[in-house]
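Right under this line is the structure:
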């Protein structure tokens, strides 16, 4: 008799920082099939944007994802500037690139920490998150926010980075380098991490093509796709850097790609800072008066891969249609391939290896009672329940 | 990666798919929108995916006058081009052949478009709801609204 055991992971599970349900169909220790339920984070952002003006959309798309909160405005700005046929000032290009790369640094450090945590290697987790603070401090200094930086607008950026800040930014970046060495050394040399991640969760080039996977997930299988190189935007064609790839195809290769990208990002930021010093302060925006009718296809390389924004404009001040494709949407689907045939213990790190971000993958939340068809909750109901509960507690005291 | 000369792409397409291509619009530099007949979608998509090794990015469903539009976005990673196949579907019978059997990346987005717009994808391996898990009313498609109808979250 062929009996399978179902192991559910989620929707609320300590392994995951966001809600998502995976069902592993196992025979003994081996995962034979996987199914998932999504939708716990769907917020209807695409539809909401149709009722916002183009300027407001920036603040909404920034909240598509908490971790890569610049890549969505980046792609949206690229799409809008395609429609408006606008060229942005060089200084704005450098500032955008610096913000984008700082975000990659903090996202990759966050992932290294989480990966360590999933493997039961909590020292890596503590280190990585501690050193990530340096990057967040930099963000706080430059933008005033640790996350959701609100730096982008159509035609440029909202705030300048004054030249007087540059020495201190460089100093902080210098303190990050030895920490990156430490982390890379710890991950690349550790026999336990090798044993847990090598030859685990293999994705071949053919799988990458079939699932349309992007970013470090694709680059770790030797597919050298990177929007920054392929379809250059902002200041990426103005600085020297290389696309990191690995032929390993396994979880270890994904870690390797991300760790080496940390060095590339630091190098890109340093080059941008050096070039910015030569430019006039304050020249950060090209004013755009009207958005003409048309379609824009904006792309940006987020820490997890290509973000794609499609915007259709009819000449008014808000989009007719705004489609957002986050990288996790295609990367998460690769589990169907990478988890099968692996043990349950390895499934956790394989799920984590693509750095899944469910906020990105889904974008609404409304609930209906399945039988009566009645809406169960809205914001006011929640407030009412919360107030009711507080008053009940007060009464019982 | 595709090694195609984009100056002659319109001629190549017209030669291969005469009659199926309605219009080719160069939207911006490196961005092409190709209007095609919906019956020819699998054949043309296959040409881009298999012969030119393009990557499937995503598809976008849209409401337009008298029906729906679906735009399939493909990326030529070697050259940085985005090629978009635009198909129109009538309002009374929104049906189109699924691409999920050709490329796995189309699987989820077709389910999503089906759920949000009510468009049917013929021969899709698993055309169930992706986002709401059946918690929305049947035959209620939140994105399938006419132009000018404003979105009101309380109404849903």
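Protein chains in written order, with my numbering: chain X, 6 to 402; chain Y, 146 to 301.
Glycine included, each C-beta is placed from N, C-alpha and C at the ideal position.
Predicted model only: the values in this text are computed from it and were never measured.
Taking C-beta atoms as the reference points, residue 358(X) and residue 227(X) fail to come closer than 7 Å.
Put simply, the CB of residue 213(Y) is far from chain X, with every gap to its CB atoms at 7 Å or more. Here residue 50(X) is not near residue 28(X), since their CB atoms are 7 Å or more apart. The C-beta separation of residue 361(X) from residue 335(X) comes to about 11 Å, leaving the pair out of contact by the 8 Å criterion. Residue-level contact check: residue 293(X) does not touch chain Y, since none of the beta carbons of chain Y fall below 7 Å from its beta carbon. Residues of chain X with a Cβ closer than 8 Å to the Cβ of residue 175(Y) are, in chain order, 236. Between residue 99(X) and residue 175(X), the alpha-carbon positions lie close to 15 Å from each other. Excluding the 5 residues flanking it on each side, residue 151(X) has same chain C-beta neighbours closer than 7 Å at 141, 144 and 145, in chain order. Taking 7 Å as the CB threshold, residue 200(Y) lines the interface with chain X.
In this structure residue 199(X) is exposed. Its beta-carbon is surrounded by fewer than 16 other beta-carbon atoms within 10 angstroms.
Taking a Cβ-Cβ cut-off of 8 Å, the neighbours of residue 230(X) in chain Y comprise 200 and 222, given in sequence order.
Scanning 189(Y), 161(Y), 276(Y) and 211(Y) for the CA closest to the CA of residue 218(Y) turns up 189(Y).
Those residues of the segment 43-62 of chain X placed with their C-beta closer than 8 Å to a C-beta in chain Y are 43, 44, 47, 49, 51, 52, 53, 55 and 56, ordered along the chain. When 9 Å is used as the limit between beta carbons, residue 299(X) is near these residues of chain Y: 172 and 173, in chain order. Under the Cβ distance rule, residue 328(X) counts among the residues neighbouring chain Y, one pair being separated by less than 7 Å. When rounded, the separation of the alpha-carbon atoms in residue 213(X) and residue 248(Y) is 11 Å. Residue 124(X): not part of any alpha helix (DSSP H); DSSP gives it neither H nor E. Taking 7 Å as the cut-off, the Cβ atoms of residue 332(X) and residue 310(X) count as close. Cβ contact annotation for residue 123(X) (same chain, cutoff 8 Å, sequence separation greater than five): 20, 353, 354 and 357, in chain order. Judged by DSSP secondary structure, residue 326(X) falls within the beta strand (DSSP E) whose first and last residues are 326-330.
The three-state secondary structure of residue 317(X), taken from DSSP, is strand. Less than 7 Å separates the beta-carbon of residue 103(X) from that of residue 274(X). A direct Cα-to-Cα measurement between residue 268(X) and residue 118(X) gives close to 17 Å.
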